[in-house]
Amino acid sequence: MDYDPLPFPRTDLALSAMRHARDIEPPAIFNHSMRSYLYGRFLGEEQGRRPDVDYDDELLFLGCVLHDAGLGDQGDSEHPFDIDGADHAARFLTDQGIADERVEIVWDAIALHLHPDIALRKRPEIALVSAGSGFDLGPHGGHTLPTGYADRIHAVLPRLHAAAALYDTIVGQALAKPHKAPPFTMPGELLRQHTGQDWPTWRQLMTQPPSWGDYDGYQPRT
23 MDYDPLPFPR TDLALSAMRH ARDIEPPAIF NHSMRSYLYG RFLGEEQGRR PDVDYDDELL
83 FLGCVLHDAG LGDQGDSEHP FDIDGADHAA RFLTDQGIAD ERVEIVWDAI ALHLHPDIAL
143 RKRPEIALVS AGSGFDLGPH GGHTLPTGYA DRIHAVLPRL HAAAALYDTI VGQALAKPHK
203 APPFTMPGEL LRQHTGQDWP TWRQLMTQPP SWGDYDGYQP RT
């Protein structure tokens with residue numbers, strides 16, 4: 023695929039990460055990851071943040087292109103997919119000889135991308151991964167893209183039913199390994215929607231054995 027019309031970083035590391043993500047992810051998820059960078063960069067520009075001046079553009083790209091690595095077969099391990107993806111990205115970057123402090127930024131960006139309330143308070147490389155990946159699934163927040171911008175992106179990186187593909191992949195992992203989708207998490211909510219199962223209440227969680235007995239003899243305030 024010719025990505026030349028789009029402003030991706032062309033460092034050796036960026037190209038290696040792009041090829042790795044393309045090899046391990048379904049096309050719909052890979053395209054989503056690539057678009058996440060373009061939208062994250064756009065949202066940064068809306069805030070007056072300039073690539074490689076106000077943030078490290080290569081780190082932003084690495085966080086975006088690898089943020090769903092946990093949804094590929096190689097990245098699918100024993101944790102929720104965001105943590106699996108962060109761990110997989112860290113191993114990949116470490117194997118590439120990247121300094122620990124840079125690896126940690128990418129790990130944080132991926133691990134926090136489902137938590138914008140936290141990510142948006144962090145450094146730009148972390149905040150813009152969360153913002154860009156979210157924007158690609160729903161262009162909310164009052165931002166207006168330049169005329170034809172999305173069309174140019176989708177011409178090179180077609181959507182391929184991205185939101186539906188992500189849902190099916192996350193739920194598929196959770197059905198195979200329910201511990202990857204604990205209650206009150208995003209994967210857990212998608213699994214609950216798919217199966218129709220009820221989540222346990224707070225009291226049920228706190229009183230299932232073994233417990234500390236915090237509800238034994240407890241009288242609620244009136």
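The numbering of the sequence shown is the numbering used here, which starts it at 23 and goes up by one.
Glycine included, every Cβ here is placed at the ideal spot set by N, Cα and C.
Everything numeric in this text was worked out from a predicted model, so none of it was measured.
Next on the checklist: Cutting at 8 Å between CB atoms, please list the residues of its own chain near Gly210, excluding the five before and the five after it.
Outcome noted: Ala196, Ala203, Pro204, Trp221
Checklist entry - According to DSSP, which residues form a beta bridge with Pro73? => result Tyr77
Item to check | Local Cβ density within 10 Å of Asp158, reported as buried at 16 or more and exposed below that | outcome: buried
Next on the checklist: Please state the DSSP three-state secondary structure of Asp95.
Outcome noted: coil
Checklist entry - From Ile192, Leu88, Glu68, pick the residue whose C-alpha is nearest to that of Ala112; which is it? => result Leu88
Next on the checklist: Please give me, in chain order, every unbroken run of the alpha helix (DSSP H) with length at least 4 that falls completely inside the region 97-141.
Outcome noted: 103-117, 122-133, 138-141
Checklist entry - Is Thr191 helix, strand or coil when you go by DSSP? => result helix
Next on the checklist: Classify Leu227: buried if its beta carbon has 16 or more other beta carbons within 10 angstroms, exposed otherwise.
Outcome noted: exposed
Checklist entry - From Phe64, Ala131, Gly97, His162, pick the residue whose C-alpha is nearest to that of Ile46; which is it? => result Gly97
Item to check | Cβ pair count under 8 Å reaching 3, the region 135-154 against the region 62-74 | outcome: yes
Checklist entry - So, using beta-carbon positions, are Pro138 and Asp76 closer together than 9 Å? => result no
Next on the checklist: Helix, strand or coil for Gly239? Go by DSSP, reduced to three states.
Outcome noted: coil
Checklist entry - To the nearest whole angstrom, what separates the beta carbons of Asp104 and His54, a pair I think is in contact under 8 Å? => result About 14 Å; that fails the 8 Å criterion.
Next on the checklist: Can you list, in chain order, the residues of its chain with a C-beta nearer than 8 Å to that of Glu100? Leave out the 5 residues immediately preceding and following it.
Outcome noted: Asp106, Lys199, His201, Lys202
Checklist entry - Based on Cα-Cα distance, which residue from Val125, Tyr237, His165 lies nearest to Gly85? => result Val125
Item to check | Per-residue DSSP class, three states only, for Trp224 | outcome: helix
Checklist entry - Where does the unbroken alpha helix (DSSP H) through Ser58 begin, and where does it stop? => result 49-68
Item to check | Where His162 sits in the DSSP three-state scheme | outcome: coil
Item to check | Nonlocal neighbours in the same chain, by C-beta distance under 7 Å from Ala50, ignoring five residues either side | outcome: Leu182, His183, Ala184, Ala187
Next on the checklist: Does Pro31 come out as helix, strand or coil in the three-state DSSP assignment?
Outcome noted: coil
Next on the checklist: Spatial neighbours of Pro180 within its chain, please: C-beta separation below 8 Å, excluding the five flanking residues on both sides.
Outcome noted: Asn53
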